[in-house]
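Novice: This is the structure I have questions about; it appears just below.
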Amino acid sequence: PLATAADALDRSDLARMRVFHIFGTLAPVGAFLLSLLLGGDPVLRAAFWAGIGLLSVCNIVLVYLTRSEALYQPVPVGILWILSALGIVPTMAYFGPFSAVVMVPMLGIVFIALGRVRWTARVTAAICIGGHVVIALPMLVGWLPDRGVLSSQNAAHVQLWVAELLIIGFLISGYALGRWARQTSAKALADLQQAMRVIGDKEQALAEVVDQAQRANRANEGRWSHQAMGSFKLGLVLGRGAMGEVYEAVRSDGVPAAVKLLNARSTASATLVERFHREMEVAARLESPHIVRVYELSQPDAPVPYLAMERLYGNDLATRLRAETRIPSDELVVMLDQVARGLEVARLAGVVHRDLKPQNLFLHGGPAGTVWKILDFGVSKVLGTEGTLTGDGIVGTPQYMAPEQASGGQISHAADVYALGAIAYRCLTGRSPFKGRDLAELVYQVVHAPPMRPGAFSRVSPLIEDVLAVAMAKDPRRRFPSALSFAQSFIAARRGRPLAIEPPSSAWS
């Protein structure tokens, strides 16, 4: 179900209710001590003691239940509130139905009326109001005397009727005020939530359009256009990155291809060139229908290191998201499954991609049909080797970067699991998990801040949210052991099967 403004109010209820229930636990103790000083009718005092005992016990249990949303459930909480309301009724009889003590139930009525569960608020209000009427009415008509310790015996009869009407009016007003505050707050939050969704979608679309325009401007002739690299003749530049350029190409036998070359800055570093060859050789050995096939790798002593790979036809996921914002869940399942299978091959080979993002997931339309392929192992890391292709700095795209990667920590396959989870988050919600005014703020959020709950932006089931929470856990040890395990859990959750492991409690903001 969709996470709504009511869900946000429910979460705020816990903190508010916890304070109130602590008050409800301690106040009866003070009232008991006061009754020892005041004395009063023995029967009424005994009933009062029993009532505040019940009230205190119920509030102790309620304080415990406010420890988490999972414990603070409507039925047990409702029962405890009703028992508390029954416990407060003897208090009105003991102190006197026309004393200031009757304002105490109004506090409870206002607090419970602010909650989502209407039946609890209505029954609690009915017990308090009805209990007061049952106690006060016989006194008003002269059937019984007011034996409360704060008795109204000296008050005029008309004054008592006016007091009763005012008290009932206050109690009803307390209930109405609480419900009105709840409804207006929910509406205001819902309007704000909708505005945030619209703004977020527009910001995301604008950022991706700008990125696409920049990429389109790079599709032109480059320094190596019309020249030969090994068995390949190069054409236009398909894209440029921090380390080099990718050219369209044709192999000597007519097979279309794409050739990636290191730029002059990168080739100036012998260590970087050595790492390029070492890591590209590993990537070339990754055989999977979901990883771009490598045709040819330059020799270590080549003046311009290059990598020739299969030419793909279709669009990457980023292009698809710019057109549709979100991906239908049935298509997302296919994408996650196929990409995870490719990552599993890399995991078994000890290779971490480290830069999974929508631009690096490509839906290729080949002779056998469409298939998802993982692009650009150019910033990959071979587990167990020293250093990385880009040195010791941050490698990857911040929006989809694992926290340990953003903070310069140890990288493992868990970083790819996180990135795939972040991509799934983007596909479901229409938003990247994190946004920042600059790179520093964005990296800080990736490392320290939880993303917003997916259900705040789209219809995402709690089961799917749990799967994403595990995949995107800040601690890599809390994530799924593999991307394939994540994809399988996502498919199971979509079919209604819950996770076998507990998701992190602080996964969402």
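Under the numbering used here, think of the first position of the sequence shown as 32, with each following residue one higher. Backbone N, C-alpha and C fix where the C-beta goes; we use that ideal spot for every residue, glycine too.
Quick test of the definition: if touching needs 3 or more C-beta pairs under 8 angstroms, does the segment 120–131 touch the segment 144–152?
Specialist: In short, these stretches do not touch, since the Cβ pair count stays below three.
Novice: Pro464 and Met432: beta carbons closer than 8 angstroms?
Specialist: To locate residue 464, count along the sequence shown from 1; it is residue 433. To locate residue 432, count along the sequence shown from 1; it is residue 401. Taking 8 angstroms as the Cβ cut-off, Pro464 and Met432 do not qualify as a contacting pair.
Novice: As a quick exercise: from Leu303, Pro334, Thr97 and Thr298, pick the residue whose alpha carbon is nearest that of Ala259.
Specialist: Residue 259 sits at position 228 when you count from the first residue of the sequence shown. Considering only alpha carbons, the answer is Pro334.
Novice: In three-state DSSP terms, what is Asp177?
Specialist: As a position in the sequence shown, residue 177 is number 146, starting the count at 1. Coil at Asp177, not helix or strand.
Novice: Taking the Cβ atom as the reference point for each residue, do Val304 and Leu293 lie within a distance shorter than 8 angstroms?
Specialist: On the sequence shown, position 273 is the one that residue 304 refers to. On the sequence shown, position 262 is the one that residue 293 refers to. Result yes, Cβ atoms of Val304 and Leu293 sit closer than 8 angstroms.
Novice: Measure the C-alpha to C-alpha separation of His321 and Val108 and round it to an integer number of angstroms.
Specialist: Taking the sequence shown and counting its residues from 1, one reaches residue 321 at position 290. Taking the sequence shown and counting its residues from 1, one reaches residue 108 at position 77. Roughly 51 angstroms between the two C-alpha positions.
Novice: If the criterion is Cβ atoms closer than 8 angstroms, does the pair Val498 and Ala524 meet it?
Specialist: Within the sequence shown, numbered from 1, the residue matching residue 498 stands at position 467. Within the sequence shown, numbered from 1, the residue matching residue 524 stands at position 493. In this structure, Ala524 lies closer than 8 angstroms to Val498 by Cβ.
Novice: Classify Phe408 as helix, strand or coil using the three-state DSSP reduction.
Specialist: Residue mapping note: residue 408 aligns to position 377 of the sequence shown, counting from 1. Phe408: coil per DSSP, three-state reduction.
Novice: Name the two residues that bound the continuous beta strand (DSSP E) containing Val88.
Specialist: Counting from one through the sequence shown, the residue named residue 88 turns up at place 57. Careful: Val88 lies outside any beta strand (DSSP E), inside the alpha helix (DSSP H) at Pro73 to Leu96.
Novice: So what does DSSP say about Val148, is it helix, strand or coil?
Specialist: Counted from its first residue, the sequence shown places residue 148 at position 117. Correct three-state label for Val148: coil.
Novice: So, at 6 angstroms on beta carbons, what are the nonlocal neighbours of Pro105 in its own chain, with the 5 sequence-adjacent residues on each side left out?
Specialist: To locate residue 105, count along the sequence shown from 1; it is residue 74. Once the five neighbours on either side are set aside, the close Cβ partners of Pro105 are Val148.
Novice: Just tell me which of Val383, Asp407, Pro398 and Val382 has its CA closest to the CA of Gln390.
Specialist: Residue mapping note: residue 390 aligns to position 359 of the sequence shown, counting from 1. Of Val383, Asp407, Pro398 and Val382, the residue nearest in Cα terms is Asp407.
Novice: Could you tell me the distance, in whole angstroms, from the CA atom of Phe393 to the CA atom of Asn346?
Specialist: Sequence index remark: in the sequence shown, residue 393 carries index 362 (1-based). Sequence index remark: in the sequence shown, residue 346 carries index 315 (1-based). Distance between the alpha carbons of Phe393 and Asn346 is about 6 angstroms.
Novice: With DSSP run on the structure shown, which of helix, strand or coil describes Asp347?
Specialist: By 1-based counting over the sequence shown, the position of residue 347 is 316. Three-state result, Asp347: strand.
Novice: Could you tell me whether the Cβ atoms of Val94 and Ile53 are closer together than 8 angstroms?
Specialist: One-based indexing of the sequence shown puts residue 94 at position 63. One-based indexing of the sequence shown puts residue 53 at position 22. Against a cut-off of 8 angstroms, the Cβ pair of Ile53 and Val94 comes out as a contact.
Novice: In the DSSP assignment, find the unbroken alpha helix (DSSP H) run with Pro107 in it and report its ends.
Specialist: The count along the sequence shown starts at 1 and reaches residue 107 at position 76. That run of the alpha helix (DSSP H) goes Pro105 to Phe126.
Novice: Identify which residue in Ala446, Ala349 and Leu494 has its Cα closest to the Cα of Gly381.
Specialist: Here the question's residue 381 lines up with position 350 in the sequence shown. Considering only alpha carbons, the answer is Ala446.
Novice: On the three-state DSSP scale, how would you describe Leu459?
Specialist: Numbered from its first residue, the sequence shown carries residue 459 at position 428. Three-state DSSP puts Leu459 in a helix.
Novice: Below 8 angstroms between beta carbons: does that hold for Glu375 and Ser513?
Specialist: Here residue 375 refers to the residue found at position 344 of the sequence shown. Here residue 513 refers to the residue found at position 482 of the sequence shown. Yes, the pair counts as a contact, with Cβ atoms nearer than the cut-off.
Novice: Rounded to a whole number of angstroms, what is the C-alpha to C-alpha distance between Asp72 and Ile113?
Specialist: Taking the sequence shown and counting its residues from 1, one reaches residue 72 at position 41. Taking the sequence shown and counting its residues from 1, one reaches residue 113 at position 82. The alpha-carbon atoms of Asp72 and Ile113 are separated by roughly 26 angstroms.
Novice: Am I right that Gly373 and Ser319 are in contact with their C-beta atoms under 8 angstroms? What's the rounded C-beta distance?
Specialist: Here residue 373 corresponds to residue number 342 of the sequence shown, with the count starting at 1. Here residue 319 corresponds to residue number 288 of the sequence shown, with the count starting at 1. Contact holds; Cβ gap of about 5 angstroms.
Novice: Considering only the beta carbon of each residue, do Pro128 and Gly70 sit closer than 8 angstroms?
Specialist: Position 97 of the sequence shown, counted from the start, is the residue given in the question as residue 128. Position 39 of the sequence shown, counted from the start, is the residue given in the question as residue 70. No, Cβ-Cβ distance for Pro128 and Gly70 is not below 8 angstroms.
Novice: Looking at the strands, I want to know which residues DSSP matches up with Glu276.
Specialist: On the sequence shown, position 245 is the one that residue 276 refers to. Bridge partners of Glu276: Arg271 and Leu292.
Novice: In the structure shown, what three-state DSSP assignment does Gly467 receive?
Specialist: Position 436 of the sequence shown, counted from the first residue, corresponds to residue 467. Of the three classes helix, strand and coil, the one that applies to Gly467 here is coil, per DSSP.
Novice: By the three-class DSSP mapping on this structure, what secondary structure does Pro287 have?
Specialist: Within the sequence shown, numbered from 1, the residue matching residue 287 stands at position 256. Of the three classes helix, strand and coil, the one that applies to Pro287 here is strand, per DSSP.
Novice: According to DSSP, what are the bridge partners of His395?
Specialist: Residue 395 sits at position 364 when you count from the first residue of the sequence shown. DSSP output for His395 lists Gly345 and Val402 as bridge partner(s).
Novice: In whole angstroms, what separates the C-alpha of Pro434 from that of Ala471?
Specialist: Locating residue 434 in the sequence shown gives position 403, counting from the first residue. Locating residue 471 in the sequence shown gives position 440, counting from the first residue. Those two C-alpha atoms are separated by around 13 angstroms.
Novice: Look at the alpha carbon of Ala46 and the alpha carbon of Phe488, and state the distance between them as a whole number of angstroms.
Specialist: Position 15 of the sequence shown, counted from the start, is the residue given in the question as residue 46. Position 457 of the sequence shown, counted from the start, is the residue given in the question as residue 488. Those two C-alpha atoms are separated by around 24 angstroms.
Novice: Find the nearest neighbour of Arg385 within the set Gly440, Met366 and Pro359, judged by alpha-carbon distance.
Specialist: Position 354 of the sequence shown, counted from the first residue, corresponds to residue 385. Per the Cα distances, Gly440.
Novice: Do Thr155 and Ala116 count as a contact pair if the criterion is CB distance below 8 angstroms?
Specialist: Residue mapping note: residue 116 aligns to position 85 of the sequence shown, counting from 1. Residue mapping note: residue 155 aligns to position 124 of the sequence shown, counting from 1. Yes, the Cβ-Cβ distance between Ala116 and Thr155 is below 8 angstroms.
Novice: Between the Cα of Met274 and those of Arg296, Gly162 and Gln519, spot the shortest distance and give me the residue it belongs to.
Specialist: Residue numbering aside, residue 274 sits at position 243 when the sequence shown is read from its first letter. Selected option, being the one with the closest Cα: Arg296.
Novice: Compute the beta-carbon to beta-carbon distance between Ala437 and Val474, rounded to the nearest angstrom, for a pair I have assumed lies under 8 angstroms.
Specialist: Along the sequence shown, one-based indexing puts residue 437 at 406. Along the sequence shown, one-based indexing puts residue 474 at 443. About 5 angstroms separates the two Cβ atoms, so the contact holds.
Novice: May I ask you to report which of helix, strand or coil DSSP gives Phe129?
Specialist: One-based indexing of the sequence shown puts residue 129 at position 98. Phe129: coil per DSSP, three-state reduction.
Novice: If we call anything under 8 angstroms between Cβ atoms a contact, is Ala480 one with Ser537?
Specialist: By 1-based counting over the sequence shown, the position of residue 480 is 449. By 1-based counting over the sequence shown, the position of residue 537 is 506. Contact flag unset, no.
Novice: Out of Arg528, Ile110, Val370 and Asp332, point me to the one whose CA is closest to Val402's CA.
Specialist: Position 371 of the sequence shown, counted from the first residue, corresponds to residue 402. Val402 has its Cα closest to that of Val370, out of Arg528, Ile110, Val370 and Asp332.
Novice: Note down the Cα distance separating Val50 from Ile83, rounded to an integer number of angstroms.
Specialist: Locating residue 50 in the sequence shown gives position 19, where the first residue counts as 1. Locating residue 83 in the sequence shown gives position 52, where the first residue counts as 1. Cα to Cα, the separation comes out at about 18 angstroms.
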